[in-house]
Amino acid sequence: MIRVRKIAHASYEMPDPDKQAEYYTDILGLTQTAKDKDAVFLANTVDHHSVVLRKGDAAQCTRIGFQIGPNDDLNEFENQVKAHDVKTQRRKDPEPTIGDMLVFEDPKGTQIEVFKRPDFVGQRFGGKGVVPHKLGHVAFHCQDVKKVAQFYIDVLGFRESDWMADFFVFLRCGPDHHTINLMGTGSNRHFHTAFEVRDWGHLQTACDFLSKNGYRTLWGPGRHGIGHNLFAYHRSPNGLITELFAELDQMQDEELGYFAPRPWHRDNPQKPKVWAKDPSASNLWGPGPPEEMMK
Ligand SMILES: [Fe+2]
Numbered sequence: 065m066i067r068v069r070k071i072a073h074a075s076y077e078m079p080d081p082d083k084q085a086e087y088y089t090d091i092l093g094l095t096q097t098a099k100d101k102d103a104v105f106l107a108n109t110v111d112h113h114s115v116v117l118r119k120g121d122a123a124q125c126t127r128i129g130f131q132i133g134p135n136d137d138l139n140e141f142e143n144q145v146k147a148h149d150v151k152t153q154r155r156k157d158p159e160p161t162i163g164d165m166l167v168f169e170d171p172k173g174t175q176i177e178v179f180k181r182p183d184f185v186g187q188r189f190g191g192k193g194v195v196p197h198k199l200g201h202v203a204f205h206c207q208d209v210k211k212v213a214q215f216y217i218d219v220l221g222f223r224e225s226d227w228m229a230d231f232f233v234f235l236r237c238g239p240d241h242h243t244i245n246l247m248g249t250g251s252n253r254h255f256h257t258a259f260e261v262r263d264w265g266h267l268q269t270a271c272d273f274l275s276k277n278g279y280r281t282l283w284g285p286g287r288h289g290i291g292h293n294l295f296a297y298h299r300s301p302n303g304l305i306t307e308l309f310a311e312l313d314q315m316q317d318e319e320l321g322y323f324a325p326r327p328w329h330r331d332n333p334q335k336p337k338v339w340a341k342d343p344s345a346s347n348l349w350g351p352g353p354p355e356e357m358m359k
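Counting from 1 along the sequence shown, just add 64 to a position and that's the residue number in our numbering.
Shown next, in the form of structure tokens:
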């Protein structure tokens with residue numbers, strides 16, 4: 065099976081993308097790499113864009129882009145998707161640096177965009193704002209969490225990293241503990257988008273910078289049990305929740321099947337498992353998420 069290798073970008077709709085772009089550049093510290101009549105493209109390092117903003121009625125995450133390997137065949141990948149009775153489309157030159165894109169919908173209605181990226185544009189890290197390392201993961205509220213998780217496993221080649229009870233799943237497509245997480249809450253919508261920062265020092269600097277600019281943390285800083293990442297969440301001006309994280313668990317090796325040991329692992333070795341719905345699964349340091357997180 066051909067598996068997607070990494071998350072490349074997340075695309076959002078919002079009523080005022082031009083205005084919201086200021087948050088992504090001046091606060092998050094991404095670099096605006098392109099703008100056309102439909103979209104603003106924002107980058108942090110390797111890829112031409114990691115975030116795309118488009119005009120729409122409400123703030124929501126509408127599309128996720130995934131990259132396949134340089135030796136993988138997109139036609140073969142398309143056949144693999146079609147074998148699951150999923151309708152596909154091909155788009156030529158849909159976005160800068162993407163010449164051929166396969167598009168289909170996941171069961172919760174998010175557009176999945178799969179492509180190969182032959183060209184790297186070589187922009188550097190920005191010099192203002194938080195300046196995260198990369199887009200890490202996108203989390204969604206879900207009506208049917210089991211069905212959507214199975215789709216990511218069967219169609220895109222994801223692996224299950226952890227479950228919280230039977231309602232919250234963390235899925236990986238590379239060494240990172242999770243790239244997509246799905247929480248069964250009865251509705252299909254964006255939960256949060258997470259960007260990786262360097263370390264605890266960078267997270268502290270980021271929280272101070274956010275505070276100075278009028279952004280208060282919604283939850284954290286803390287350390288998640290599941291994934292063991294340091295975290296701090298805030299709400300962006302468009303209403304979507306952003307997480308900054310560091311020290312996320314890494315799968316040592318798919319065949320070995322355990323996460324690389326870190327100081328806070330209590331299992332030895334730490335393997336994918338079902339965690340009890342317990343406060344320590346969500347925050348090893350203190351309180352669970354406030355109600356505001358679920359809005
Ligand atoms: Fe997260």
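All C-beta atoms in this analysis are idealised placements derived from N, C-alpha and C, irrespective of residue type, glycine included.
Practice prompt. Using DSSP bridges, identify the partner residues of F168.
Written response: As a working note, residue 168 is residue 104 in the sequence shown. Bridge partners of F168: I176.
Item to complete: With DSSP as the reference, please indicate the residues paired to Y76 in a beta bridge.
Response: Numbered from 1 along the sequence shown, position 12 holds the residue referred to as residue 76. Bridge partners of Y76: L117, C125.
Worksheet item: What's the gap between the Cα of Y216 and the Cα of F204?
Response: To locate residue 216, count along the sequence shown from 1; it is residue 152. To locate residue 204, count along the sequence shown from 1; it is residue 140. Taking the straight line joining both Cα atoms gives about 13 Å.
Item to complete: With DSSP as the reference, label G352 as helix, strand or coil.
Response: For the purposes of this step, residue 352 is taken as residue 288 along the sequence shown, with counting starting at 1. Coil, per DSSP.
Discussion item. Between the alpha carbons of S275 and K211, how many angstroms are there, rounded?
Written reply: Along the sequence shown, read from residue 1 onward, the residue named residue 275 stands at position 211. Along the sequence shown, read from residue 1 onward, the residue named residue 211 stands at position 147. When rounded, the distance between both Cα atoms is 39 Å.
Worksheet item: Considering only residues of the same chain and omitting the five flanking positions on each side of T97, which have a CB-CB separation below 8 Å?
Response: One-based indexing of the sequence shown puts residue 97 at position 33. These residues qualify, in order along the chain: F105, L106, A107, H112, H113, P160, V185, Q187.
Discussion item. Ligand 1 and H256: does any heavy atom of the ligand fall closer than 7 Å to the residue's C-beta?
Written reply: The residue you call residue 256 lines up with position 192 of the sequence shown. Yes - ligand 1 has a heavy atom lying nearer than 7 Å to the Cβ of H256.
Worksheet item: Residues in its own chain within less than 6 Å of G129 by CB, not counting five upstream and five downstream?
Response: Taking the first residue of the sequence shown as position 1, residue 129 is located at position 65. Answer for G129: A72, H73, E177, listed in chain order.
Worksheet item: The alpha helix (DSSP H) spanning E159 covers which residue range?
Response: On the sequence shown, position 95 is the one that residue 159 refers to. No alpha helix (DSSP H) holds E159; the beta strand (DSSP E) holding it covers 153–159.
Item to complete: Using 7 Å as the cut-off, classify the Cβ of N277 as near or not near the heavy atoms of ligand 1, replying yes or no.
Response: Position 213 of the sequence shown, counting from 1, holds the residue named residue 277. Answer for N277: no, Cβ out of range of ligand 1.
Worksheet entry | For N245, the residue or residues it bridges with in DSSP | Working through the sequence shown from its first residue, we reach residue 245 at position 181. Answer is A203, F234, bridged to N245.
Discussion item. Excluding the 5 residues flanking V338 on each side, which residues of the same chain have their C-beta closer than 6 Å to its C-beta?
Written reply: Taking the sequence shown and counting its residues from 1, one reaches residue 338 at position 274. Counting only Cβ-Cβ distances below 6 Å, and skipping sequence neighbours, we find W227.
Fill in: Top-ranked residue by Cα proximity to Y87, from P336, R299, H201, S344
For this step, residue 87 is matched to residue 23 along the sequence shown. Among P336, R299, H201, S344, the Cα nearest to that of Y87 belongs to R299.
Worksheet item: On the three-state DSSP scale, how would you describe W264?
Response: In the sequence shown, counting from the first residue as 1, residue 264 sits at position 200. Looking at W264 - three-state DSSP - the assignment turns out to be helix.
Worksheet item: Does the beta carbon of N135 come closer than 8 Å to any beta carbon on chain D?
Response: The structure shown contains no chain D; it holds only a single protein chain.
Worksheet item: Tell me which same chain residues have a C-beta within less than 7 Å of the C-beta of D90, skipping the five on either side of it?
Response: Sequence index remark: in the sequence shown, residue 90 carries index 26 (1-based). These residues qualify, in order along the chain: K192, G193.
Worksheet entry | Of the residues A85, L199, M165, N293, the one placed nearest V110, counting alpha carbons only | By 1-based counting over the sequence shown, the position of residue 110 is 46. Checked all of A85, L199, M165, N293; the closest Cα to V110 is L199.
Item to complete: Would you decide whether R287 is buried or exposed? Buried here means 16 or more other CB atoms lie within 10 Å of its CB.
Response: Here residue 287 is taken as the residue at index 223 of the sequence shown, counted from 1. Per the 10 Å Cβ criterion, buried.
Worksheet item: Could you check where the alpha helix (DSSP H) with S346 kicks off and where it finishes?
Response: Here residue 346 refers to the residue found at position 282 of the sequence shown. 343–346 is the extent of the alpha helix (DSSP H) around S346.
Discussion item. Is N108 close to ligand 1? I mean its beta-carbon at under 7 Å from any heavy atom of the ligand.
Written reply: To locate residue 108, count along the sequence shown from 1; it is residue 44. False, no ligand heavy atom lies under 7 Å from that Cβ.
Practice prompt. Using alpha carbons as the reference points, say which of V261, G265, S225 lies closest to D240.
Written response: Indexing the sequence shown from 1 puts residue 240 at position 176. Nearest of V261, G265, S225 to D240, Cα basis: S225.
Practice prompt. Report buried or exposed for L320, applying the criterion of at least 16 other Cβ atoms within 10 angstroms of its Cβ.
Written response: Within the sequence shown, numbered from 1, the residue matching residue 320 stands at position 256. So L320 ends up on the exposed side.
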